[in-house]
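For the sequence shown, full-length UniProt numbering begins at 1 and goes up steadily by one.
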Amino acid sequence: MSTIRLTAAQAMVKWLSVQMTEEGERFIEGIWAIFGHGNVAGIGEALYHAKETFPTWRGHNEQTMAHAAIAYAKTHKRRRAMAVTSSIGPGATNMVTAAALAHVNRLPVLFIPGDVFANRAPDPVLQQIEDFDDGTVSANDCFRPVSRYFDRISRPEHILTALPRALRVMTDPANCGPVTLAFCQDTQAEAYDYPTDFFEPKVWYIRRPEPDQRELEAAVAAIKAAKKPLIVAGGGVIYAQAEADLLAFANKHNIPFVETQAGKGAIDWENDLHFGAPGVTGTACGNKLAAEADLVIGVGTRFQDFTTGSWTVFSAPCRKILSINIHGYDGQKRGAQPLIADAKVALAKLTAALGNTRFADPDFAARKEWFVTTDALFAAPEGNALPTDAQIIGAVTRATGKDSIVMSAAGTMPGALHVLWRAAAGGYHMEYGFSCMGYEVAGAMGIKMAAPEKHVVCMVGDGSYMMANSELATAVMMGIPFTVVLTDNRGYGCINRLQQGCGGAPFNNLLDDSYHVNPAHIDFVAHAGSMGAITRKVGSVAELEAAMAEAKGASLPTVILIETDPAPGTGAGGSWWDVAVPEVSERPQVNAAREKYEQNIARQWLGN
């Protein structure tokens, strides 16, 4: 048997560099790295020698460079991914939040945190967690519950099995998610005689499972028996590359559809059967259809509480759920009738079996009225009033085209964009499974790396921007341009409205309502400018539109700051969301909110 002698770290890098997609590209495009003790000598040295064939990028924070990797994978519809490596200790645990984000959103990313010495000779090393009752525990065990696959590389030959297992998970359409390979630092430097055929290029194919014939026949019968079906399109539509198939299915059978946060942008908003969004951040016309539907056809959705209005939106008394999903766990939630299969395959088989089955027209007048309503919300404010978030979205809508991708993650913007943004096909990127504050700037960078031809627009509030913004400097250094629309409402405006909606007093959310000795004043323009970004503060939505036009052709990231009114919500659409209100309070506002809360929880459907 032919062998090659390499360190374990060298072997890992060499193997990753030849794992290919069906299109002939690297599946793991490269690696984000912040070096420290635990990965600089082993992995760092290996990456240095491979820098021409396997790129290494330097971030400013382990969590946010992982966010960039996750955004990259999401933009590539899980067909390509990135790796992330850190030192042991805080460098590793900084990435746990990102691992949870990837886990919730079912997105592939390879985490390679440095770990303690496998031989334990120098224990305890700097930053080592010592468990008094378990000598095998390290800080990296924090990754176990937020990884689809976890392994610890404590022998150089472990990578012969660990690496193929990692890629198997990352390319599995049902079990796709983050993988953590905790890499003991002494093992990284150990040499081993690896079989040369281990490093032969390998192509990874994404499976498309066929449906069970009995489930397919039951699904066809359920659809034929329906009078008012409604499709709920989730992120699985996009990951299965089934956007055109869903559109053809809806058009042929005249079934209206709504899109979840993850599914938004699967189909262009201008299609007549597109009724926007469902649930808490749903359109009025979409939620009206949801309430009237007797059959909800979920395609690639996990029916998260925002989608279902905490299970109050799909409230027709005879309503049934048909769930087309790649994983049985999602396909049978709340007693749904499952059709476990690849979305693209399932839709083709369903439409063939349904023949010329066609349903009555949905309420197109309600759809038209929705756009009249939102056009009014998009209009610029009068006088010197601060603009609302809806008016900001209106300005960005007018300033962008179908070559743009708008993105966000947490705070006010995700809800406002879901209900108001008119997304072109492929023009929407929202991390709302984990809704992680601080994803936005790094995520925009990852999107632009995946889709350099697109104009990437990052919509972020001042609260999320302050959580994590350092990768703005990375984007400047790497020459990755995108536009940040930074809305300053002086705090956590979204949670402030939720607090008051639950009867609470404004407290600890807006800066002025928080404990302070000195009034807060953050010069965001100076801050972003200090990292090298192009910056501009605008005083009106008209100025914002003009600044957006200038930013589109920039060669560096552009940050456009505009002050906004924290008080108004979107002003249209939406449904109830289950946020528990205290049963006992001295505040009459809380008691009144509790009364409404009890009325709403009585409407919740708890499943079969």
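Glycine included, C-beta positions come from ideal geometry on N, C-alpha and C.
Treat the numbers as computed from the prediction; the structure is a model and nothing was measured.
An exposed status is given to aspartate 123, since fewer than 16 other beta-carbon atoms sit within 10 Å of its beta-carbon.
Shortest Cα-Cα distance from glycine 234 to any of Phe303, Glu22 and Ile129 involves Phe303. A residue is called buried when at least 16 other Cβ atoms come within 10 angstroms of its Cβ; methionine 1 does not meet this threshold and is exposed. Between isoleucine 321 and glycine 298, the C-beta gap is smaller than 8 Å, which places the two residues in contact. For tyrosine 597, the enclosing alpha helix (DSSP H) has its first and last residue at 588-601. Under the DSSP assignment, cysteine 458 falls in the beta strand (DSSP E) whose first and last residues are 455-461.
Linking methionine 12 to isoleucine 159 through their CA atoms gives a straight-line distance of about 7 Å. Going by C-alpha positions, leucine 273 is about 13 Å away from lysine 228.
For the UniProt domain "Thiamine pyrophosphate enzyme central" (216-350), the full-length alpha helix (DSSP H) segments reaching 4 residues or more read 235-239, 243-253, 284-292, 305-308 and 328-331 along the chain. Between the region 3-11 and the region 187-203 there are three or more C-beta pairs closer than 8 Å, enough to call the two in contact. One Cα belongs to glutamate 453, the other to glycine 529, and the distance between them is close to 25 Å. Three or more pairs of CB atoms, one per stretch, sit closer than 8 Å, so the region 53-71 contacts the region 438-458.
Bounds of the beta strand (DSSP E) holding tryptophan 32 are 28-33. Of all alpha-carbon atoms in Met466, Gln604 and His76, the one lying nearest the alpha-carbon of alanine 240 is that of His76.
The continuous stretches of alpha helix (DSSP H) do not include glutamate 130, and DSSP gives it neither H nor E. Under the DSSP definition of a beta bridge, glutamine 19 partners with Lys202. Apart from sequence neighbours up to five positions away, the residues of its chain that approach valine 109 with a beta-carbon distance below 7 Å are Ala66, Ala69, Ile70, Ala73, Ala81, Met82, Val84, Ala102 and Pro178, ordered along the chain. Between the alpha carbons of lysine 349 and alanine 293 lies a gap of roughly 23 Å.
Between the C-alpha atoms of phenylalanine 371 and aspartate 268 there is a straight-line separation of about 15 Å. Boundaries cannot be given for methionine 1, as no beta strand (DSSP E) includes it and DSSP labels it neither H nor E.
Our two residues, threonine 388 and glycine 569, have alpha carbons roughly 8 Å apart in a direct line. Here leucine 510 has Asn489, Arg490, Gly491, Tyr492, Gly493, Asn496 and Pro566 as same chain residues with Cβ atoms under 8 Å from its own Cβ, once five neighbours each way along the sequence are excluded. For the pair serine 87 and leucine 126, the Cα-to-Cα distance works out to about 11 Å.
Listed in chain order, the non-local C-beta contacts of alanine 399 below 7 Å within the same chain comprise Glu545, Met548 and Ala549, local neighbours out to five positions each way being set aside. Approximately 6 Å separates the beta-carbon atoms of alanine 341 and glutamate 210; this is inside 8 Å, confirming the contact. In the three-state DSSP reduction, lysine 77 falls in the coil class, being neither helix nor strand.
Counting along the chain, tyrosine 149 sits inside the beta strand (DSSP E) bounded by residues 149-153.
Closest in alpha carbon position to leucine 556, among Leu498, Val584, Lys448 and His521, is Lys448. Within the DSSP bridge table, the entry for serine 86 names Pro113 as partners.
Residue nearest to arginine 208 within the set Asn251, Gly44, Ala346 and Ala390 is Ala346 (criterion: CA-CA distance).
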